[in-house]
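Colleague:
2 protein chains.
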Amino acid sequence: MKKTKDENTEGQILDAAKSIFQTKGMDGARMQEIADKAGINKAMLHYYYRSKQLLFEAVFKNAFSLLAPQLNAILNDDSSIEDKIKNFTSNYISFIIKHPYLPNFIIQELNRNQDFILKLKDNKGFPNLEKFKKQVNDEVSKGHIKPISAEQLFINILALNIFPFVAKPLVMAFTNTDDKSYKQLMEDRKTEVSNFIINSIKKH
Amino acid sequence: MKKTKDENTEGQILDAAKSIFQTKGMDGARMQEIADKAGINKAMLHYYYRSKQLLFEAVFKNAFSLLAPQLNAILNDDSSIEDKIKNFTSNYISFIIKHPYLPNFIIQELNRNQDFILKLKDNKGFPNLEKFKKQVNDEVSKGHIKPISAEQLFINILALNIFPFVAKPLVMAFTNTDDKSYKQLMEDRKTEVSNFIINSIKKH
DNA sequence: ATATAGTTTAACCATTTGGTTAACAAATGT
DNA sequence: ACATTTGTTAACCAAATGGTTAAACTATAT
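Here the protein sequences come in this chain order: P and H.
Quick note on numbering: this note's numbering labels position 8 of the first sequence as 8, and the sequence is numbered without any gaps.
Quick note on numbering: this note's numbering labels position 65 of the second sequence as 269, and the sequence is numbered without any gaps.
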């Protein structure tokens, strides 16, 4: 029987690398620290992944492949705009509570290395706005929702959902909340945010 | 006559350090690169700022002291909620277009070093939500706007304004825009975002 | 049993990096 | 004019860091 990911060395390395890279970033991460966390010799990292860069890319692609399907849900699903917003908001916030470092990690590293995203864009499954655009334009011209471009609406949805996690320390300081009450604020947002968006675009 | 900031060495160092730290972060920045950018010997960095950590802190505090007044504008001004949102959105986006790396830098470094914000919180002039809370609660109970907590409204305002700059490479990839059309998208948001927020909270 | 291929380790290496030193140059005060 | 403080440089240093090597150990196949 094939060993499960967390008993074989390669998987242990990836898990440790995830944890270190996602909290410290490419530049802040140390190969020795990853090896220590995985409980193995540093040479093993190079045996399985050749270099820090390649290990990092493995972690990054893995992280991105978790995020992309969440976004495709809102872009390519067949439900109504209103349902999409409701579902996405609720699902997405649950998702991030499970992977708190993920959006920050992706954003930080994409800012550091602009070329990186070009590689990702070629992948099938990379989020594409076309269908969503058509849907938004349709609903606007039918008069179901107020005029708004699909791009701006999409940016707003992402912003309202992702930002509070990315800027957590900053927002916690401003709102004077501790970890526990911040978590509650985020729970509240599962419905708060979708209401906020829908209020804004629906006609009265 | 005292030399202006950009002719004296100390100021040149700070300028160079700003540019390097804000694009590469604490971990990615190299003292030699800062010295080269400032056009001086590396030993000068230590002569004026003692250590990388202290030089970094000088840059960080400087950056934060630019951001804080922008936020206080929305929190402590005497205008109506609607005016605040309009002005803040328009001003803030202009502000960031002038300092594109600033919000990302602050968020990234605060995530890296959680203790850091505690030092800032003690400073007078650190954004405080109390007055804004009172105003929002007032307008809600008077029935001028729909029920919403001041914290959630504040988070939403920050999110809609800051996020598109922080996550620029990601959003550019999703929306398939180049630098020029992204800049246009951001210009449009100066009014787009405030309409979006006001639509959402106003009563009909 | 024995050869073979895959896995793991300790020791090592070259380079990078933040920081220091000692000597030198330029102001500044007396 | 000269002494003292301030500013600047090149050379240097120790520690950290990504990566390599050669030997040892383990599993697998014949």
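Don't be surprised by glycine CBs; every beta carbon is placed ideally from N, CA and C.
Is there a C-beta anywhere in chain H that falls below 8 Å from the one on P100(P)?
Modeller: no
Colleague: DSSP beta-bridge partners for I145(P)?
Modeller: K202(P)
Colleague: If you follow the alpha helix (DSSP H) that S19(P) is in, where does it begin and where does it stop?
Modeller: Its alpha helix (DSSP H) spans residues 9-28.
Colleague: Using the beta-carbon of each residue, which ones in chain H are nearer than 9 Å to P69(P)?
Modeller: Correct list: empty, because the minimum Cβ distance to chain H is about 14 Å.
Colleague: Skipping 5 residues on each side, what residues in its chain have a beta carbon closer than 7 Å to that of M205(H)?
Modeller: Residue confidence is low: M205(H) scores 38 on pLDDT, short of 50, so the model does not pin down where it sits. Its coordinate-derived value is still stated next. Counting only Cβ-Cβ distances below 7 Å, and skipping sequence neighbours, we find nothing.
Colleague: Find out if the Cβ-Cβ distance for the pair A58(P), M44(P) is shorter than 8 Å.
Modeller: no
Colleague: How should N8(P) be labelled, buried or exposed, when 16 other C-beta atoms within 10 angstroms of its C-beta is the threshold for buried?
Modeller: That one is exposed.
Colleague: With a Cβ-Cβ cutoff of 8 Å, do A363(H) and A159(P) count as a contact?
Modeller: yes
Colleague: Grouping DSSP H, G and I as helix and E and B as strand, with all else coil, what is A159(P)?
Modeller: helix
Colleague: Using a cut-off of 8 Å between C-beta atoms, extract the partners of I285(H) located in chain P.
Modeller: Going along chain P, no residue has its Cβ under 8 Å from I285(H), so there is no contact; the nearest lies around 15 Å.
Colleague: So, for I20(P): in the same chain, excluding its five sequence neighbours on each side, which residues have a beta-carbon less than 8 Å away from its beta-carbon?
Modeller: A29, R30, E33, I34, K37
Colleague: If you measure between the beta carbons of I349(H) and I405(H), is that distance less than 8 Å?
Modeller: yes
Colleague: DSSP three-state call for N195(P): helix, strand or coil?
Modeller: helix
Colleague: From G215(H) to L185(P), what distance separates their C-alpha atoms?
Modeller: Looking at the two C-alpha atoms, the distance is approximately 42 Å.
Colleague: Taking 8 Å as the threshold (beta carbon to beta carbon), is N360(H) in contact with chain P?
Modeller: yes
Colleague: Does the stretch 85-99 of chain P come into contact with the stretch 358-372 of chain H, if we say contact requires no fewer than three beta-carbon pairs (one atom in each stretch) closer than 8 Å?
Modeller: no
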